[in-house]
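Below is one structure; the comments refer to it alone.
In full-length UniProt numbering, the protein residues as written are 1 to 254.
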């Protein structure tokens, strides 16, 4: 195996700076290979690379153009979404003037509770970098210009090009001070108290509604009784008038 191939395979996933540090002394490498090749030419043993029958290495000249570009683990992809009146359902945040899918809250739901177009695609992940909008390269644009381009998209189908970085940057979570922690605890206690009060209010409201229903039924019953009493009184008055008339007629006849 050639020396350049050994250097190229030493750290395929490292950055270019790491590769340049690995081959920082090409003169020493050429000197070592040349010396070993000279020993072999003078009758020495062939270079051993793990196999007994490995051929002797010849002196190699270092060429900067032969450096292999380290492979990247970034994954680029395109996703086709349908923009409606509620947007694409994606939250973007600024990272070096690039639009990056928010790592805290990447998506938002529709008013119906269903996932938005971005989340429903199943492809977009938190931390992905937006690079293309309908074929337009936005990598060199400011963050505000990218957001404005997204807002100005017409309703309908839109193709977004993303790049998933191999390593996501750490999300900074600021430490809370003692006063903030106390305020958070106080707010939580206040929230719990309000929830308890709301539950008690609901119970009282249910009891009040039940009493109102009972009062209504009682009023209807009393109204029916009152109607029956009025009818009975009207009948009694009619009978009394008839009796008085009969007595008046009897007195006249006598």
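Virtual Cβ for every residue (Gly too), placed ideally from N, Cα, C. Just so we're clear, the structure is a prediction, and the values are computed from it rather than from any experiment.
Asked	Found
Assuming residue 256 and residue 154 are in contact, meaning their beta carbons sit under 8 angstroms apart, how far apart are those beta carbons, in whole angstroms?	Here the chain has residues from 1 to 254 only, and residue 256 is not among them.
Can you tell me whether residue 64 is buried or exposed, with buried defined as 16 or more other CB within 10 angstroms of its CB?	For residue 64, the predicted structure reports a pLDDT of 34, less than 50, and the residue's modelled location is therefore unreliable. A value from the coordinates is still provided. Result: exposed.
If I measure Cβ to Cβ from residue 119 and keep anything under 7 angstroms in the same chain, skipping five residues before and after, which residues do I get?	89 and 107
Rounded to a whole number of angstroms, what is the C-alpha to C-alpha distance between residue 224 and residue 205?	29 angstroms
Secondary structure at residue 224, three-state DSSP: helix, strand or coil?	helix
Restricting to Cα atoms, I'd like to know which of 135, 184 and 163 is closest to residue 126.	163
If I follow the unbroken beta strand (DSSP E) through residue 118, where does it start and stop?	Looking at the DSSP string, residue 118 is not in any beta strand (DSSP E); the run it does join, the alpha helix (DSSP H), is 117-120.
So residue 160 and residue 133 are in contact, right, with Cβ under 8 angstroms, and what is the actual spacing, rounded?	6 angstroms
Have a look at 98, 135 and 246 and flag the residue whose alpha-carbon is nearest the alpha-carbon of residue 78.	135
Suppose contacts are defined by Cβ-Cβ distances below 7 angstroms. Is residue 158 in contact with residue 83 by that definition?	yes
Go to residue 99, then tell me how far its alpha helix (DSSP H) extends in each direction, as first and last residue.	Where residue 99 is concerned, there is no enclosing alpha helix (DSSP H), although the beta strand (DSSP E) it sits in stretches over 98-101.
Is the Cβ-Cβ distance between residue 94 and residue 143 less than 7 angstroms?	yes
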